[in-house]
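Engineer: In my numbering, the protein residues as written are 651 to 820. Glycine included, each C-beta is placed from N, C-alpha and C at the ideal position. Take this structure, written in structure tokens, and hold onto it; I'll ask about it next.
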Amino acid sequence: MIRKNSFILLSGAIFLSACENMNVSNDEKIQTRREQKYHDMDKVFGDDAFTFGGDRDSSNKGEIGVGVNSFLWRASLDTISFIPLKSADPFGGVILTEWYSPSTTPNERIKVDILIIDRQLRADGVKVSVFRQKRQGNDWIDQPVDAQTATQLENVILTRARQLRIDSGK
């Protein structure tokens with residue numbers, strides 16, 4: 651038993667003394683497996699579109715901006731500014747509103763969801779969904795929405811985005 655313990659102690663001492671002259675650099679950030687996996691992910695839609703895993707281009711380090719077309723984003727917010735927002739994600743291009751009841755029709759309410767799906771100012775770069783409910787007693791019942799309503803909102807957003815682009819001089 652003593653011989654076995656002596657052997658283990660001697661082996662440990664030799665191992666530790668062998669590590670004495672190793673050059674260890676602490677320059678690299680230690681990453682967890684999750685961080686490494688996130689860093690190694692690729693872009694989904696090409697170089698100038700959505701990026702999963704961050705931007706690997708060192709020239710863009712420190713740049714922070716909207717992940718979708720900024721004119722469409724601002725125009726969307728301007729267009730629905732009278733409706734309270736529930737959520738707005740400028741990197742994903744999603745705008746969700748709360749239910750809104752116009753003062754002229756208190757027994758009816760609407761909700762608008764906007765998805766900006768392109769980084770370019772294009773006619774198909776924005777998608778609008780409109781929901782409508784009517785009060786019956788204490789319950790709100792879903793009602794059909796005219797398909798033209800969403801299209802008209804999309805057109806208003808696109809017109810405003812073009813106006814913002816012209817005003818900016820780009």
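Check whether the Cβ atoms of residue 767 and residue 723 lie closer than 8 Å to each other.
Structural biologist: no
Engineer: Mind the definition here: the stretch 720–737 touches the stretch 804–819 only if three or more C-beta pairs lie below 8 Å; say whether that holds.
Structural biologist: yes
Engineer: Would you check if the distance between the CB atom of residue 770 and the CB atom of residue 783 is smaller than 8 Å?
Structural biologist: no
Engineer: From residue 790 to residue 752, what distance separates their C-alpha atoms?
Structural biologist: Rounded to the nearest angstrom, the two C-alpha atoms are 15 Å apart.
Engineer: Assuming residue 728 and residue 746 make a contact with CB atoms under 8 Å, what is their CB distance in whole Å?
Structural biologist: That belief does not hold up - the Cβ atoms of residue 728 and residue 746 are roughly 16 Å apart, past 8 Å.
Engineer: Helix, strand or coil: which one does DSSP assign to residue 661?
Structural biologist: helix
Engineer: If I follow the unbroken alpha helix (DSSP H) through residue 795, where does it start and stop?
Structural biologist: Note, residue 795: premise wrong, no alpha helix (DSSP H); not H, not E.
Engineer: Starting from residue 739, trace the beta strand (DSSP E) both ways and give me its first and last residue.
Structural biologist: 735–739
Engineer: Could you check the C-alpha separation between residue 736 and residue 819 for me, to the nearest Å?
Structural biologist: Cα to Cα, the separation comes out at about 32 Å.
Engineer: Please check the pair residue 799 and residue 776, which I expect to be a contact at CB under 8 Å, by giving their CB distance rounded to whole angstroms.
Structural biologist: Rounded, the Cβ-Cβ distance is 14 Å, inconsistent with contact.
Engineer: Please report the residue range of the alpha helix (DSSP H) in which residue 729 lies.
Structural biologist: First-last of the alpha helix (DSSP H) with residue 729: 720–729.
Engineer: With 16 other CB atoms within 10 Å as the buried threshold, where does residue 787 fall?
Structural biologist: exposed
Engineer: Would you report the Cα separation of residue 730 and residue 749, rounded to the nearest angstrom?
Structural biologist: 12 Å
Engineer: If you reduce the DSSP assignment to three classes, tell me which class residue 779 lands in.
Structural biologist: strand
Engineer: Have a look at residue 812 and residue 758 and give me their C-alpha separation to the nearest angstrom.
Structural biologist: The straight-line gap from Cα to Cα measures roughly 32 Å.
Engineer: Counting along the chain, where does the beta strand (DSSP E) carrying residue 771 start and finish?
Structural biologist: Taken as a continuous stretch (DSSP letters only), residue 771 belongs to no beta strand (DSSP E), as it is neither H nor E.
Engineer: On the DSSP bridge list, what partners appear for residue 763?
Structural biologist: 746, 779
Engineer: Looking only at its own chain, which residues have a Cβ that is under 6 Å from the Cβ of residue 778, when we skip the five neighbours before and after it?
Structural biologist: 764, 800, 803, 804
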